[in-house]
Structures are given as C-alpha cells and as structure tokens.
Amino acid sequence: MRTALAIARKELSIYFTTPWAYAVFTAMVAISSVFFISLLQAFQAVQEQARQAGWSKLPAEAAVYRNLTDGVVIQLWGIVMIITLFVAPFLSMRLFAEEKRNKTFELLMTVPVRPLELVVGKYLGGLGIISATLGLTLVFPLLLSAFGTSTSGTVLEWPTVLLGYVGLLLWGATCMAVGMFLSALTESQMVAALLTFVVLLPWMLLRGLVQSVEEPLRTFISYLSFDTQLQNLLRGVLDVKSLVFFLSVILFSLLLTHRTVEAQRWA
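Mapping of the sequence shown onto our numbering: residues 19 to 285, in sequence order.
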C-alpha cells in the first residue's frame, strides 16, 4: 500500500505541476458558473411570478422552484454530471498512455512494483484530481448558504446537497476508472480520451436509447444506465443499489486494467 500511495503522490504532483489541471479547473468553474447564474435567474423569475399570482396558478413543473435546494443546487448537480462526462476523459487519458508514449512504461515494468500497486496508485492519483475538480463546484451551494434567504430559516437542505455531491464523486470516480482502463490499451492520449467518451456517453444515455425495447429487457437495460443510477443520488435519496452498482463498475474496471498491465508486462 505504501508503494501505491507513493505512485499516487507522483501522479498528483504531475497533474499540479502542469497547466493541464488548471485549465480543467478553470473550465469546470467557468462553465458551472454560467449555468449557476442561469439557474438563479430562472429561480428568481419563478419566485416573482409566484408572489404575484400564487403557486396554485403556476404550472406543476414550477413547484421545483419553491426552494433553492431543488430549484438551483439539484439542477446544478445534473449539469455538473454532464460536464464531468466531458472533463474526466481528459484527466484520465494520460494515466498509462503517457507512460507508453514516453517509453517509461517498460521501465516501470522492470522495477520491483507489482502491477496491482501500479494500477491502484495511478487510480488514486486520478481519483484525487477528479475529486479536486468536482470539489470546486461546492463553492456554489456555499455561496447560496452565505447570501441566500429563506422563510423557513434554512437556506439549503445540506443532507440533500451533500448526498447529491457524493453521487457526483461516485460518477467522477467511475469515469476515471473506465478512462484508466482505456488509457492502458493505447499509447495515444487523445485516442484514450476519445474512447473513454465514446464508451461513457452511450452508457449514460442507455435508458433513452432502449425506450422502444420490449419489457422486461427494457427495464434491465435501463437499470444499467448511469443516468438511472445517478438520479436518486443527485436528488438526495440514498439508494444502496446505486452505490453497489458504481462500486462494481469501478472494481471491474480496475480488474480489467490490472489484467491489461499484467499481460503487457509479459508481452
């Protein structure tokens, strides 16, 4: 485990000593800020309509804007989930592909480091950078909590907000695990990023793609969709099945990466 942690520290130092991580941080904050402001404006507009006409006169879908948690933060988490789908492949692409491109992968295979330690160490490094990236989005609920107002006295329902954030972390961790496996298959970082996106996007949209499929196959395939598994968590509903699902995908991806690295070691 000590070796894996040393590899994780090395990976994090590489991320934070290159402009790439800071470019991703800037993109995450900038894009999230645009949507955050847009959601706030929509929330204020609906609140103004409700003050003038009453909630009973508004469409049923406007009920989500009764509080900041449902009207802004939960919707923001859904948008950050989509942003992560585009960001994660560019964070995971270098984990193994860069080693192969720089011809240092063969050197790693000659040092007394087990493939499992190498895989776990690199994944922990990737997990650290995606957690830092997603952690920046916590500034938005903190701003609402600091400057927002509520008639009930509580601006945000923090258990709901934090459980939604846990869902985002699980999603980011899953993207990094899948991306690391695909990075281990190629020496081109851009190919690794593209493959990761090509795998994750249909997997995310699986529920919508099988609407014409007959039951019970449709229900089964929909269950495998990332979108289906994330919905409850992002709304602040603890679903043990979703936790098991994401942990299973992560562990399976790490197992595939370990097998790939081990096979290349003896190739």
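Each residue gets a CB set at the ideal place from its N, CA and C atoms; glycine is no exception.
R27 has its alpha-carbon roughly 17 Å from the corresponding atom of T122. Looking from the CA of S266, the closest CA among V209, S240, L188, I239 belongs to L188.
Between the stretch 150–167 and the stretch 233–245 there are fewer than three inter-stretch CB-CB distances shorter than 8 Å, so the stretches are not counted as touching.
When C-alpha distances from I32 are compared across P177, K140, R253, the shortest belongs to K140. For V42, the enclosing alpha helix (DSSP H) begins and ends at 37–71. When the five nearest sequence neighbours on each side are left out, no beta carbon in the same chain lies closer than 6 Å to the beta carbon of A24.
In the DSSP assignment, P130 falls outside any alpha helix (DSSP H), carrying neither H nor E.
Between P159 and L174, the gap from beta carbon to beta carbon is short of 8 Å.
In this structure, A115 sits near T204, with a CB-CB distance shorter than 8 Å.
For the pair M194 and S110, the CB atoms are nearer than the 8 Å cut-off.
For the pair I147 and L30, the CB atoms are nearer than the 8 Å cut-off.
If you look at L103, you'll find it in the alpha helix (DSSP H) that goes 92–110. In the three-state scheme derived from DSSP, where H, G and I count as helix and E and B as strand, A202 is classed as coil.
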